[in-house]
Amino acid sequence: MIYNYGDWLNGDWVIAKDYPGTGGSVPEDVYSTAFFAHSTRLIAKIAAVLGKDEDERYYTALSDSIKQAFNSKFVNPENGMVKGNTQAGYALALKFHLLPDSVRALAVKNMIDNIHSYDDRMSTGFQSSVRMMDVLVNNGYAGLAYRLLESQRMPSWLYSVDQGATTIWERWDGYVKGRGFQSPGMNSFNHYAFGSVSQWIYEHILGIQPDEKQPGYHHFIIHPVPGGDLKWATGSYHSINGMIVSDWKRKNNHFTLQIEIPVNTTATVYVPMWGNRHREQMEGIKFLRYNNDEAIYLVLPGKYTLKNF
1 MIYNYGDWLN GDWVIAKDYP GTGGSVPEDV YSTAFFAHST RLIAKIAAVL
51 GKDEDERYYT ALSDSIKQAF NSKFVNPENG MVKGNTQAGY ALALKFHLLP
101 DSVRALAVKN MIDNIHSYDD RMSTGFQSSV RMMDVLVNNG YAGLAYRLLE
151 SQRMPSWLYS VDQGATTIWE RWDGYVKGRG FQSPGMNSFN HYAFGSVSQW
201 IYEHILGIQP DEKQPGYHHF IIHPVPGGDL KWATGSYHSI NGMIVSDWKR
251 KNNHFTLQIE IPVNTTATVY VPMWGNRHRE QMEGIKFLRY NNDEAIYLVL
301 PGKYTLKNF
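Here this note's numbering is used: the first residue of the sequence shown is 1, the next is one more, and so on.
Printed below as a string of structure tokens:
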């Protein structure tokens, strides 16, 4: 597999006295093979939507064969170690569903251990940062994801804010107090890449997510995962079918979620219970089930307030 940049501007590019100088860069063969598998899987899904059955079968088989090669070449099935033992390597392998079920939990643990070895800081780059945030939430580590989001130590999103940033920087250490600016040859102060965390904010803080099985927001998901120091969050997404609103507040173990579902759509809505067992009963809302410590509802168009108390 031909590769070039890899996971650009990862932790190995960060210059700081209290931060590891090496160990953050995912091996290029791991990176490129992971994206090869992911890309071919996306092509298979596109072919399915377009009704190109032969192409779907071809690219699905190709993706599966790349996945097998990835595990054979880069993954230790005994301890879940992915070649390089980097946060990025684990994040990509887990996010792209490249690992067998027997290895996933081990790989998650290895990723968590690696984050802790960086004193709960990231070593990820452009492509892996937001994907690691997704993996953390989806595997029960929302608290750690919030610590990374709210951190004010370099490298972090809020570090740049504390230095006066009003836009996303290209580099984690584009400016360091007492040291000054990075090289002007590559030091943009208006650079989207690390700003991809905004998708994580929408999908996991507000909880607004598309439903891949029902594209176009005819049906969608609202699944907020409160955490960190946040006591409230409010936002909206103007979908092709209208405005979707998610607005929540929490106090102690009480959670209130106000939502707006557009006309001609439906939503699956998750409400954290935090030990409570309150079921909303109102027109337009159908209780489906409890999942762990969440209540799940099917919600019809309209404006609603859901509570866990």
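The C-beta atom is built at its ideal place from N, Cα and C for all residues, glycine as well. The structure presented is a predicted model; accordingly, all values stated were derived computationally and were not measured.
Checklist entry - Exposed or buried, which one is V130 when buried takes at least 16 other CB atoms within 10 Å? => result Start at 1 with the first residue of the sequence shown, and residue 130 comes out as number 130. Flag for V130 reads buried.
Checklist entry - Quick one: Cα of H218 to Cα of L158, how far? => result Residue numbering aside, residue 218 sits at position 218 when the sequence shown is read from its first letter. Residue numbering aside, residue 158 sits at position 158 when the sequence shown is read from its first letter. Between H218 and L158, the C-alpha separation is close to 35 Å.
Item to check | Identity of the residue in A107, S72, W169, S123 nearest G21 by Cα | outcome: For the purposes of this step, residue 21 is taken as the residue at position 21 of the sequence shown. It is S123 whose Cα lies nearest to the Cα of G21.
Next on the checklist: In chain order, what are the residue ranges of uninterrupted alpha helix (DSSP H) at least 4 long that sit wholly in the segment 185-212?
Outcome noted: 197-200
Item to check | Cβ neighbour criterion (16 or more within 10 Å) applied to V263 | outcome: One-based indexing of the sequence shown puts residue 263 at position 263. Label assigned to V263: exposed.
Checklist entry - Leaving out five residues before and five after V161 in sequence, what residues of the same chain have Cβ atoms less than 7 Å from its Cβ? => result Position 161 of the sequence shown, counted from the first residue, corresponds to residue 161. Answer for V161: no residue qualifies.
Checklist entry - Using DSSP with H/G/I as helix, E/B as strand and the rest coil, what is L99? => result For the purposes of this step, residue 99 is identified with residue 99 of the sequence shown, where counting begins at 1. Coil, per DSSP.
Next on the checklist: Mapping the DSSP letters down to three states, classify E28 as helix, strand or coil.
Outcome noted: Taking the first residue of the sequence shown as position 1, residue 28 is located at position 28. In the structure shown, E28 sits in a helix (DSSP, three-state: H, G or I).
Checklist entry - Ordered along the chain, which non-local residues of its own chain (more than five positions away) have a Cβ less than 8 Å from that of D12? => result Counting from 1 along the sequence shown, the entry for residue 12 is found at position 12. Same-chain partners within the cutoff: G21, T22, G23, G24, S25, S123.
Next on the checklist: If you reduce the DSSP assignment to three classes, tell me which class Y90 lands in.
Outcome noted: Reading the sequence shown from its first residue, position 90 is the one you call residue 90. In this structure, Y90 counts as helix in the three-state DSSP scheme.
Item to check | Residue interval of the beta strand (DSSP E) (run including V245) | outcome: Taking the first residue of the sequence shown as 1, we reach residue 245 at position 245. Start and end: 242-251.
Item to check | Whole-number beta carbon distance between L42 and F126, since they are thought to touch under 8 Å | outcome: The residue you call residue 126 lines up with position 126 of the sequence shown. The residue you call residue 42 lines up with position 42 of the sequence shown. Not quite, the Cβ-Cβ distance comes to about 18 Å (not below 8 Å), so this is no contact.
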